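Structure, as structure tokens:
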Amino acid sequence: MKVLIAAGGTGGHIVPGLSLADVLKKTKPESEIVFFGSSNRMEATVIPEAGYRFYGVKMSGMTSGIKAKIKSALSLIKAGSTCRKVIREQKPDIVVGFGNYISVPIVSEAKRAGIPVMLHEQNSFAGKANRFLASKADAIVCCYESNLTQFPADKCRVYGNPAATKAAETAFDKAEVEQMGLDPEKPFVVFMMGSLGSASVSEIIDEACSLFDDDFQVIIAEGKDNDYTFRTQSKGQIRIVPFVNGRSMLKGCTLAVTRAGATTMAEIGALGTPAILIPSPNVANNHQVYNAKELSDIGGAVMIEEKDLDAKILAETVNSLMKDEARRNSMKEAALKAGKADAAYRMIELMEELIPHE
Numbered sequence: 001m002k003v004l005i006a007a008g009g010t011g012g013h014i015v016p017g018l019s020l021a022d023v024l025k026k027t028k029p030e031s032e033i034v035f036f037g038s039s040n041r042m043e044a045t046v047i048p049e050a051g052y053r054f055y056g057v058k059m060s061g062m063t064s065g066i067k068a069k070i071k072s073a074l075s076l077i078k079a080g081s082t083c084r085k086v087i088r089e090q091k092p093d094i095v096v097g098f099g100n101y102i103s104v105p106i107v108s109e110a111k112r113a114g115i116p117v118m119l120h121e122q123n124s125f126a127g128k129a130n131r132f133l134a135s136k137a138d139a140i141v142c143c144y145e146s147n148l149t150q151f152p153a154d155k156c157r158v159y160g161n162p163a164a165t166k167a168a169e170t171a172f173d174k175a176e177v178e179q180m181g182l183d184p185e186k187p188f189v190v191f192m193m194g195s196l197g198s199a200s201v202s203e204i205i206d207e208a209c210s211l212f213d214d215d216f217q218v219i220i221a222e223g224k225d226n227d228y229t230f231r232t233q234s235k236g237q238i239r240i241v242p243f244v245n246g247r248s249m250l251k252g253c254t255l256a257v258t259r260a261g262a263t264t265m266a267e268i269g270a271l272g273t274p275a276i277l278i279p280s281p282n283v284a285n286n287h288q289v290y291n292a293k294e295l296s297d298i299g300g301a302v303m304i305e306e307k308d309l310d311a312k313i314l315a316e317t318v319n320s321l322m323k324d325e326a327r328r329n330s331m332k333e334a335a336l337k338a339g340k341a342d343a344a345y346r347m348i349e350l351m352e353e354l355i356p357h358e
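So for the sequence shown, the working numbering puts the first residue at 1; every next one is plus one.
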């Protein structure tokens with residue numbers, strides 16, 4: 001089986017694509033996997049570093065405004081010729097698109113060439129690219145029941161996010177916590193506001209540090225692009241670090257305080273991590289709020305929108321949950337029930353069904 005995976009733009013699209021590829025490579029090592037994405041965004045570096053062949057094209061995003069739309073349309077036309085060449089040369093058995101505008105030309109060309117197409121939607125509120133491509137897809141793998149009203153229901157399979165499959169296999173790296181000078185055997189709460197971090201939430205966390213109870217440890221991952229400088233000292237029960245191994249931390253922590261991006265939500269579900277979710281307000285269609293609401297509505301997490309957050313509310317919520325083991329266990333059970341750790345395996349089975357067999 002030769003698979004072309006279109007994934008790019010952000011980690012929310014790239015991580016599921018790489019997760020599917022990794023599981024496919026492990027379970028069916030004879031498979032050939034190639035990736036397609038933007039030549040000028042993070043996937044052009046991340047995917048080759050992961051060991052996969054990558055084909056890229058420069059393309060403008062589908063933003064608002066007449067000039068931007070014209071620029072996007074022209075770049076789409078130009079990308080089409082590159083995509084035709086990739087499809088003709090690579091001859092994939094199936095194309096799997098993980099959303100983002102970069103998937104539009106390659107999926108369109110695959111469909112034109114008669115190649116089966118599978119889409120994957122990570123969020124509870126479907127993105128523009130996948131909604132546009134839905135009519136071309138042979139199957140659409142979703143993570144939420146709400147997606148069934150956003151796409152042709154007969155094409156949908158609610159299998160979940162392949163990132164959950166990778167997360168379910170994660171082991172807690174105690175050494176990482178020990179290197180911080182903390183005890184991995186003692187309860188700890190981890191704060192992770194995405195790989196880039198959040199200055200606005202960091203300020204609230206900083207103010208809340210003095211209000212946390214003394215009977216648990218605190219690990220705060222600042223993020224790689226966070227302009228906020230913490231006043232709280234990284235000492236005693238509190239450690240402030242640039243970044244952490246997210247999956248390992250979700251596996252080992254007593255409680256996580258995170259954003260509600262698609263990959264994080266998949267990992268929380270796969271691992272059953274009790275979590276306080278603070279959705280980012282700076283994303284398209286406010287989809288992180290929808291993601292968080294799906295889990296909080298079934299008792300799998302607590303959602304606090306950033307507009308409602310302050311240091312007192314954050315500290316009180318953290319302290320309360322860290323004291324309440326019964327509630328955390330209930331949250332864990334609900335999260336695991338919602339999580340779909342077999343997502344990648346089910347996607348691979350569906351891919352094999354979609355590929356014509358002589």
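Note that beta-carbon positions come from the ideal geometry of N, C-alpha and C, so glycine has one too.
None of these values were measured; they are calculated from a predicted model.
- Taking the Cα positions, residue 56 is about 32 Å away from residue 153.
- With contact defined as three or more Cβ pairs closer than 8 Å, the stretch 96-103 and the stretch 48-55 are not in contact.
- Counting the other Cβ atoms within 10 Å of the Cβ of residue 196 gives fewer than 16, which makes it exposed.
- Taking C-beta atoms as the reference points, residue 111 and residue 136 count as a pair closer than 9 Å.
- DSSP, reduced to helix, strand and coil, places residue 194 outside both helices and strands of the structure shown, so it counts as coil.
- Nearest in C-alpha terms to residue 47, of all of 193, 10 and 207, is 10.
- Going by C-alpha positions, residue 160 is about 25 Å away from residue 327.
- Taking C-beta separations shorter than 8 Å and ignoring five residues to either side along the sequence, residue 26 has no partners in its chain.
- Using a Cβ-Cβ distance cut-off of 8 Å, the stretch 115-130 and the stretch 302-321 are not in contact, since fewer than three pairs of beta carbons, one from each stretch, lie closer than that value.
- Going by DSSP, residue 216 is part of no alpha helix (DSSP H) at all; its letter is neither H nor E.
- Note that the C-beta distance between residue 211 and residue 58 is not below 9 Å.
- Secondary structure of residue 177 (DSSP, three-state): helix.
- Considering only 97, 189 and 217, the residue with the shortest C-alpha distance to residue 35 is 97.
- Residue 166 sits in a helix when the DSSP states are folded into three classes.
- Looking at the DSSP output, residue 157 shares a beta bridge with 141.
- Looking at 348, 333 and 315, the one whose alpha-carbon comes closest to that of residue 203 is 315.
- Per the C-alpha coordinates, the member of 44, 37, 259 and 338 positioned closest to residue 86 is 37.
- If you look at residue 119, you'll find it in the beta strand (DSSP E) that goes 117-120.
- Exposed is the label assigned to residue 45, since fewer than 16 other Cβ atoms lie within 10 Å of its Cβ.
- Take residue 265, set aside five residues on each side of it, and the residues of its chain with a beta-carbon closer than 7 Å to its own are 291 and 295, in chain order.
- In this model, residue 354 and residue 240 are separated by some 48 Å (Cα to Cα).
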